[in-house]
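Here the protein sequences come in this chain order: L and E.
Per our numbering, residue 31 is the first one in the first sequence, and the count goes up by one each step.
Per our numbering, residue 198 is the first one in the second sequence, and the count goes up by one each step.
C-beta: ideal position from N, C-alpha, C; glycine also.
Here's the structure, in structure tokens; my notes come after.
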Amino acid sequence: GAVVSQHPSWVICKSGTSVKIECRSLDFQATTMFWYRQFPKQSLMLMATSNEGSKATYEQGVEKDKFLINHASLTLSTLTVTSAHPEDSSFYICSARDLGGSSYNEQFFGPGTRLTVL
Amino acid sequence: DAKTTQPNSMESNEEEPVHLPCNHSTISGTDYIHWYRQLPSQGPEYVIHGLTSNVNNRMASLAIAEDRKSSTLILHRATLRDAAVYYCILMGRGGSNYKLTFGKGTLLTVNP
């Protein structure tokens, strides 16, 4: 199946700094990628839909100025957590669909990035 | 969005079959039934999906009720590596409906 990678796998930062998380589709092109956040012992919550070459679509309650999404190419989407605070500490996961492959109904998920804000 | 209801947790013994139920009484005619699972500290992975007919793949089988208001994910021989949270998700066709909305899922414990 298609592979999605994330970098970094974990990051620790100080409160007030910004952190960028990368999501890459390694062997397919993804016009649409999705960003999720997962707190401990909770389910995944969709944050936004990232569209290549256009603005991201944010879910209700997600601050677009705090969680900046850029989808500059068909294989890369980035999520920047700006002015991070301890409450932003979470597991961030991206996913993508391979519309050109035989598995177009599947979403392929990255391994996740664990963010800890001190 | 149509919602799904799953038991919070289930337990199984290794090498025995596991039947994970999901209720989706408000499913629409064009909603696909998708199953994903999430192993600890990993991103979710696709398991199987279907529309009306039962489906089989190398990972599992999906049995869909005739009225489509419920479905069952079947793991034929559970292994310790199958211990995960299993999510039953309805997904419509086309456009923004391709986004997945995760519920709480079922935590499957597999005993050796």
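Stretch-stretch touch, CB-based, cutoff 8 Å, three pairs: the stretch 118-126 of chain L with the stretch 135-147 of chain L: yes
Extent of the continuous beta strand (DSSP E) to which L/K50 belongs: Locating residue 50 of chain L in the first sequence gives position 20, counting from the first residue. Per DSSP, L/K50 belongs to the beta strand (DSSP E) from V49 to S55.
L/Q68 versus E/G240 - alpha carbon distance: Taking the first sequence and counting its residues from 1, the one referred to as residue 68 of chain L is at position 38. Taking the second sequence and counting its residues from 1, the one referred to as residue 240 of chain E is at position 43. Approximately 10 Å, taken between the alpha carbons.
Alpha-carbon spacing of L/K44 relative to L/L148, whole angstroms: Looking up residue 44 of chain L in the first sequence gives position 14. Looking up residue 148 of chain L in the first sequence gives position 118. Roughly 5 Å separates the two Cα atoms.
Chain E contact for L/S55 (CB, 7 Å cutoff): Taking the first sequence and counting its residues from 1, the one referred to as residue 55 of chain L is at position 25. L/S55 does not count as touching chain E.
Partner residues on chain E for L/S73, Cβ-Cβ distance less than 7 Å: Numbered from its first residue, the first sequence carries residue 73 of chain L at position 43. Here the neighbours are F299, G300, K301 and G302.
Beta strand (DSSP E) segment containing E/L236, residue limits: Position 39 of the second sequence holds residue 236 of chain E. First-last for E/L236: undefined, no H or E at that position.
Against chain L: residues of the stretch 219-242 of chain E by CB proximity under 9 Å: Y229, H231, Y233, Q235, S238, Q239, G240, P241 and E242
Assumed close pair L/R54, E/Y295 - CB separation to whole angstroms, cut-off 8 Å: Here the question's residue 54 of chain L lines up with position 24 in the first sequence. Here the question's residue 295 of chain E lines up with position 98 in the second sequence. About 20 Å separates the beta carbon of L/R54 from that of E/Y295, a gap too long to meet the 8 Å contact definition.
Span separating the alpha-carbon of L/S113 from that of L/I99: Along the first sequence, one-based indexing puts residue 113 of chain L at 83. Along the first sequence, one-based indexing puts residue 99 of chain L at 69. Cα to Cα, the separation comes out at about 15 Å.
Residue burial classification, L/L56 (beta-carbon count within 10 angstroms, cutoff 16): By 1-based counting over the first sequence, the position of residue 56 of chain L is 26. Per the 10 Å Cβ criterion, exposed.
Beta carbon proximity, L/P141 to chain E, threshold 7 Å: Stepping through the first sequence from its first residue, residue 141 of chain L is reached at position 111. It does: the Cβ of L/P141 has a partner Cβ on chain E nearer than 7 Å.
Run of the beta strand (DSSP E) containing L/Q36, from where it starts to where it stops: Taking the first residue of the first sequence as 1, we reach residue 36 of chain L at position 6. V34 to H37 is the span of the beta strand (DSSP E), which, as asked, contains L/Q36.
Rounded separation between L/L129 and L/T105 - CA only: As a working mapping, residue 129 of chain L is identified with position 99 in the first sequence. As a working mapping, residue 105 of chain L is identified with position 75 in the first sequence. Distance from the CA of L/L129 to the CA of L/T105, rounded to the nearest whole angstrom, comes to 13 Å.
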